[in-house]
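Q:
There are 2 protein chains.
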Amino acid sequence: ARSAAKMVSPKTRYLVFFQYCGTKYSFLFMVLSRVGLQKAAQNLKPVVPIKFHISSRTDSGVHALCNSAHLDIQRAPGKPAFQERVLISCLNRHLKPEPIRILSAYRVTDSFHARFSALSRTYIYRLLMGCTHHSEIPVFERDLCWAPTGGYLNVPAMQDAAQFLLGTHDFSTFCSPNSNAPSRSPVKTIVQADIQPSSGFLSHHYEYRGLEFWELKFKSRSFLYRQVRRMVGALVAVGQGKLAPHHIKELLEMKDTQAFPSFAMAPSSGLFLQSLLLVGLGPLHSGAFPTNAGCGAACVSGEGAQAGNEDHRL
Amino acid sequence: ARSAAKMVSPKTRYLVFFQYCGTKYSFLFMVLSRVGLQKAAQNLKPVVPIKFHISSRTDSGVHALCNSAHLDIQRAPGKPAFQERVLISCLNRHLKPEPIRILSAYRVTDSFHARFSALSRTYIYRLLMGCTHHSEIPVFERDLCWAPTGGYLNVPAMQDAAQFLLGTHDFSTFCSPNSNAPSRSPVKTIVQADIQPSSGFLSHHYEYRGLEFWELKFKSRSFLYRQVRRMVGALVAVGQGKLAPHHIKELLEMKDTQAFPSFAMAPSSGLFLQSLLLVGLGPLHSGAFPTNAGCGAACVSGEGAQAGNEDHRL
Numbered sequence: 001a002r003s004a005a006k007m008v009s010p011k012t013r014y015l016v017f018f019q020y021c022g023t024k025y026s027f028l029f030m031v032l033s034r035v036g037l038q039k040a041a042q043n044l045k046p047v048v049p050i051k052f053h054i055s056s057r058t059d060s061g062v063h064a065l066c067n068s069a070h071l072d073i074q075r076a077p078g079k080p081a082f083q084e085r086v087l088i089s090c091l092n093r094h095l096k097p098e099p100i101r102i103l104s105a106y107r108v109t110d111s112f113h114a115r116f117s118a119l120s121r122t123y124i125y126r127l128l129m130g131c132t133h134h135s136e137i138p139v140f141e142r143d144l145c146w147a148p149t150g151g152y153l154n155v156p157a158m159q160d161a162a163q164f165l166l167g168t169h170d171f172s173t174f175c176s177p178n179s180n181a182p183s184r185s186p187v188k189t190i191v192q193a194d195i196q197p198s199s200g201f202l203s204h205h206y207e208y209r210g211l212e213f214w215e216l217k218f219k220s221r222s223f224l225y226r227q228v229r230r231m232v233g234a235l236v237a238v239g240q241g242k243l244a245p246h247h248i249k250e251l252l253e254m255k256d257t258q259a260f261p262s263f264a265m266a267p268s269s270g271l272f273l274q275s276l277l278l279v280g281l282g283p284l285h286s287g288a289f290p291t292n293a294g295c296g297a298a299c300v301s302g303e304g305a306q307a308g309n310e311d312h313r314l
Numbered sequence: 001a002r003s004a005a006k007m008v009s010p011k012t013r014y015l016v017f018f019q020y021c022g023t024k025y026s027f028l029f030m031v032l033s034r035v036g037l038q039k040a041a042q043n044l045k046p047v048v049p050i051k052f053h054i055s056s057r058t059d060s061g062v063h064a065l066c067n068s069a070h071l072d073i074q075r076a077p078g079k080p081a082f083q084e085r086v087l088i089s090c091l092n093r094h095l096k097p098e099p100i101r102i103l104s105a106y107r108v109t110d111s112f113h114a115r116f117s118a119l120s121r122t123y124i125y126r127l128l129m130g131c132t133h134h135s136e137i138p139v140f141e142r143d144l145c146w147a148p149t150g151g152y153l154n155v156p157a158m159q160d161a162a163q164f165l166l167g168t169h170d171f172s173t174f175c176s177p178n179s180n181a182p183s184r185s186p187v188k189t190i191v192q193a194d195i196q197p198s199s200g201f202l203s204h205h206y207e208y209r210g211l212e213f214w215e216l217k218f219k220s221r222s223f224l225y226r227q228v229r230r231m232v233g234a235l236v237a238v239g240q241g242k243l244a245p246h247h248i249k250e251l252l253e254m255k256d257t258q259a260f261p262s263f264a265m266a267p268s269s270g271l272f273l274q275s276l277l278l279v280g281l282g283p284l285h286s287g288a289f290p291t292n293a294g295c296g297a298a299c300v301s302g303e304g305a306q307a308g309n310e311d312h313r314l
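Given below as structure tokens:
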């Protein structure tokens with residue numbers, strides 16, 4: 001008879017980076033549990049069902065240029081651990097019909113946790129100015145930006161207002177009520193709140209239409225539920241002249257989720273998780289899959305590597 | 001009794017510019033006849049069914065940043081002609097679920113014809129280099145570019161090869177067989193064949209992945225069936241080293257549709273009709289809908305206005 005020791009195979013923990021278009025999904029949960037990653041992972045025929053622990057759970061309709069997750073794979077006895085490139089191609093093959101893609105994968109130690117290792121999250125919000133009606137949004141930009149009504153926005157006023165969001169504040173006014181979220185501290189530190197001109201898909205071919213793309217960028221260790229969408233909506237209200245820049249400061253000081261003006265919520269369509277900074281990984285470069293390896297390197301910068309005391313990569 | 005003269009209402013001819021994402025449609029015909037423009041136009045309650053005469057019919061999966069069409073609207077007796085802005089908003093309202101948008105509309109004389117007035121068509125083909133596998137195409141670029149296998153392409157060789165396509169040639173080798181198309185002269189004059197670096201959707205946020213976007217641009221009075229896709233495919237084969245630049249010249253000289261190498265057909269996903277040059281319209285500016293009027297002005301340049309002997313606008 002085979003020994004009991006032979007029947008136990010070790011589990012291998014992986015960190016994966018992935019991107020997705022959120023339009024189709026009512027919640028990232030849908031991607032994970034039914035139509036996306038989780039289902040694709042079952043094709044790896046693990047001994048124990050595979051669970052993805054996501055660094056940043058995004059809301060309905062929100063997109064991600066780069067998100068990350070860790071997962072454990074326990075194979076049948078005697079089977080070697082999957083190579084990273086095999087894991088990537090197997091997951092992507094089964095994800096093919098879905099608007100979600102694995103960018104890269106790395107073996108990590110069992111103590112690495114994708115969510116708790118995230119030192120910062122950076123979100124991009126895409127605004128389209130110059131539309132008098134939503135039908136003027138280019139067909140290739142649908143569900144990928146927000147075109148607030150009322151034409152052009154007062155960008156300098158928005159930039160003044162954004163300064164009030166920088167630093168450490170109680171963001172209760174900028175947190176949507178959410179019974180599912182555990183009660184956490186409403187105090188967050190915003191280290192970046194920028195407004196920059198940007199471009200649209202092939203927009204250099206229709207500059208004559210007078211449309212302008214702008215990007216709002218926010219960076220923090222973490223954000224409250226719908227905090228970015230409330231911050232963007234309030235800044236747009238400033239750009240429209242519905243609020244003055246100093247109203248942002250007053251909203252913060254109210255520390256009351258009910259105090260947020262209901263007209264000022266930005267839709268999910270313009271929001272993209274751009275990158276994550278993970279602690280304790282060091283630069284992620286691998287000769288095995290050079291075209292994917294860059295993602296980790298960009299998401300996990302020197303800042304993250306220095307902050308960690310140990311290296312979780314294997 | 002009402003006089004017979006009162007029962008006859010005059011028809012009004014309009015020129016409309018529109019854009020669409022071709023991925024969803026098996027043929028633009030589908031858009032026109034069943035799910036798109038034609039159906040939307042019936043909501044205008046015309047006396048006679050409305051027919052769209054398209055400037056450039058595009059093939060399955062091909063996109064358009066700007067295409068144009070003319071249509072006649074005959075309303076019930078006593079009803080005034082639709083204002084352009086009313087026509088735009090009515091069509092767009094009914095097109096809302098479809099990835100197609102009316103950009104602008106102009107009243108024109110009854111002798112104006114959208115197809116016969118087109119002095120030139122400009123197509124853009126988007127290439128993505130640096131992918132070793134199609135799963136590396138960003139999710140936001142799916143069906144909007146072509147990522148040929150084999151990594152980076154030899155762009156200088158492609159640029160050399162493109163020179164052979166410029167000027168007046170018999171393009172029989174670059175025309176796909178099509179029993180539906182009337183037999184027309186295979187002699188065409190290519191006035192532009194450029195290869196330029198470009199950018200992808202939000203690609204400034206993932207430059208680290210080593211992906212490169214390029215655009216091939218072709219301009220001619222008209223093109224043969226699938227001519228642009230055959231030209232692009234042949235240039236990519238040169239970039240991959242499968243063909244030498246001088247092979248393009250030899251393919252042209254064969255003047256035989258069967259001589260085209262079957263491996264070298266570019267897919268429709270990367271192809272965009274970028275603009276049209278219409279004759280006899282002059283600059284199209286209107287204070288009534290300033291954000292849309294620009295499209296016509298860009299598509300109908302001074303060249304077109306000079307070439308025409310009459311002004312068809314009303």
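Those protein sequence lines, which keep their order, are chains A and B.
Residue 163 in UniProt numbering sits at position 163 of the first sequence, and the numbers go up by one each step.
Residue 25 in UniProt numbering sits at position 25 of the second sequence, and the numbers go up by one each step.
Here a beta-carbon is modelled for each residue, glycine too, at the ideal position from N, C-alpha and C.
Going by DSSP in three states, L165(A) sits in which element: helix, strand or coil?
A: Of the three classes helix, strand and coil, the one that applies to L165(A) here is coil, per DSSP.
Q: Closest to G61(A) by CA distance: which of A244(A), T12(A), F18(A), R142(A) is it?
A: Of A244(A), T12(A), F18(A), R142(A), the residue nearest in Cα terms is R142(A).
Q: Quick one: is R227(B) near chain A, going by C-beta distance under 8 Å?
A: For the sequence presented, residue 227(B) should be read as Gln rather than Arg. No, its Cβ sits nowhere closer than 8 Å to a Cβ of chain A.
Q: Between K11(A), Q240(A), T109(A), A118(A), which lies nearest to A76(A) when the distance is taken from Cα to Cα?
A: Of the listed residues, the one whose Cα sits closest to A76(A) is K11(A).
Q: In this structure, does DSSP put T12(A) in helix, strand or coil?
A: If DSSP states are grouped into helix, strand and coil, T12(A) belongs with the strands.
Q: Should S185(B) be flagged as near chain A, meaning a C-beta pair shorter than 8 Å?
A: Chain A, which has no Cβ nearer than 8 Å to the Cβ of S185(B), makes this no.
Q: Consult DSSP for Q240(B) and reduce its assignment to one of helix, strand or coil.
A: Three-state DSSP puts Q240(B) in coil, outside helix and strand.
Q: Figure out for me which residue from L87(B), N67(B), S68(B), H63(B) has the closest Cα to the Cα of Q74(B).
A: Minimum Cα distance to Q74(B) is reached at L87(B).
Q: Among residues of its own chain, excluding the 5 on either side of I195(B), which ones have a beta-carbon nearer than 7 Å to its beta-carbon?
A: Around I195(B): V155, M158, Q159, A162, W214, L216.
Q: So with Cβ pairs under 8 Å, would you call L127(A) a contact of chain B?
A: No, because no Cβ of chain B sits closer than 8 Å to the Cβ of L127(A).
Q: Using a C-beta cutoff of 8 Å, does P138(A) count as contacting chain B?
A: Yes, because at least one Cβ of chain B sits closer than 8 Å to the Cβ of P138(A).
Q: Return the residue from the list G200(A), R209(A), H63(A) that minimises the CA-CA distance to A127(A).
A: Note on identity: in this sequence residue 127(A) is Leu, with Ala being the wrong assignment. For the residues G200(A), R209(A), H63(A), the minimum Cα distance to L127(A) belongs to G200(A).
Q: Hey, how far is the Cα of P261(A) from the Cα of R93(B)?
A: The straight-line gap from Cα to Cα measures roughly 29 Å.
Q: Going by alpha carbons, who is nearest to D110(B) out of T257(B), H53(B), Q42(B), M129(B)?
A: Comparing Cα-Cα distances from D110(B) to each of T257(B), H53(B), Q42(B), M129(B), the minimum goes to H53(B).
Q: When DSSP labels each residue in this structure, what does L119(A) get in the three-state scheme?
A: If DSSP states are grouped into helix, strand and coil, L119(A) belongs with the strands.
Q: Using a Cβ cut-off of 9 Å, which residues of the UniProt domain "Pseudouridine synthase I TruA alpha/beta" (161–273) of chain B contact any Cβ in chain A, in chain order?
A: Going along the UniProt domain "Pseudouridine synthase I TruA alpha/beta" (161–273) of chain B in chain order, one finds S198, S199, G200, F201, L202, H204, H205, Y206, E207, Y208, R209, G210, L211, E215, F272 with a Cβ nearer than 9 Å to chain A.
Q: Going by other Cβ atoms of all chains shown within 10 Å of its Cβ, with 16 needed for buried, is R226(B) buried or exposed?
A: Buried, because 16 or more other Cβ atoms sit within 10 Å of the Cβ of R226(B).
Q: Which of the three DSSP states, helix, strand or coil, is assigned to V108(A)?
A: The answer is strand: DSSP assigns V108(A) an E or B state.
Q: Grouping DSSP H, G and I as helix and E and B as strand, with all else coil, what is A69(B)?
A: The answer is strand: DSSP assigns A69(B) an E or B state.
Q: I'd like to know whether the C-beta atoms of T173(B) and D256(B) end up nearer to each other than 8 Å.
A: Against a cut-off of 8 Å, the Cβ pair of D256(B) and T173(B) comes out as a contact.
Q: Measuring straight from C-alpha to C-alpha, what distance separates A259(A) and T23(A)?
A: Distance between the alpha carbons of A259(A) and T23(A) is about 29 Å.
Q: Which runs of the alpha helix (DSSP H) fall wholly inside the stretch 134–203 of chain B and span at least 4 residues, in chain order?
A: Segments of the alpha helix (DSSP H) lying fully in the stretch 134–203 of chain B: 155–163.
Q: Going by beta carbon distance, what residues of the same chain come within less than 8 Å of L252(A), once the five residues before and after it are set aside?
A: Cβ neighbours of L252(A) beyond the five flanking positions: F164, L165, H169, D170, F171, T173, F174.
Q: I'd like to know whether the C-beta atoms of R13(A) and F112(A) end up nearer to each other than 8 Å.
A: Yes, the pair counts as a contact, with Cβ atoms nearer than the cut-off.
Q: Using only CA atoms, which one of A105(B), I102(B), P99(B), V238(B) lies nearest to G150(B)?
A: Nearest option by C-alpha distance: V238(B).
Q: Please name the residue, chosen from H246(B), F218(B), F82(B), K79(B), that lies closest to S120(B) on a Cα-to-Cα basis.
A: Per the Cα distances, F218(B).
Q: Listing by chain order, which chain A residues have their CB less than 7 Å from the CB of L65(B)?
A: Residues of chain A passing the Cβ test: L202, H205, Y206.
Q: Using CA coordinates, which residue listed in V48(A), S9(A), L103(A) is at the minimum distance from Y20(A)?
A: It is L103(A).
Q: What are the boundary residues of the alpha helix (DSSP H) that E84(B) is part of?
A: Run containing E84(B): 84–95, per the alpha helix (DSSP H) assignment.
Q: Report the neighbours of residue 341(B) on chain A: residues whose CB is nearer than 9 Å to its CB, in chain order.
A: No information on residue 341(B) is available, as it lies outside the stretch 1 to 314 that chain B covers here.
Q: Shorter than 8 Å from the beta carbon of Y20(A) to some beta carbon of chain B?
A: It does: the Cβ of Y20(A) has a partner Cβ on chain B nearer than 8 Å.
Q: L224(B) and P197(B): beta carbons closer than 8 Å?
A: Contact: no.
Q: Could you confirm whether any beta carbon from chain B is found closer than 8 Å to the beta carbon of I54(A)?
A: Cβ-Cβ to chain B under 8 Å: no for I54(A).
Q: What does the Cβ neighbour count give for R101(B), buried or exposed, with the cut at 16 atoms within 10 Å?
A: Result: buried.
Q: Strictly by DSSP, which residues pair up with S220(A)?
A: Answer is R121(A), I190(A).
Q: Within its chain, find whatever has a CB closer than 7 Å to the CB of P177(B); leave out the 5 residues flanking it on each side and keep chain order.
A: Closer than 7 Å at Cβ, skipping near neighbours: T257.
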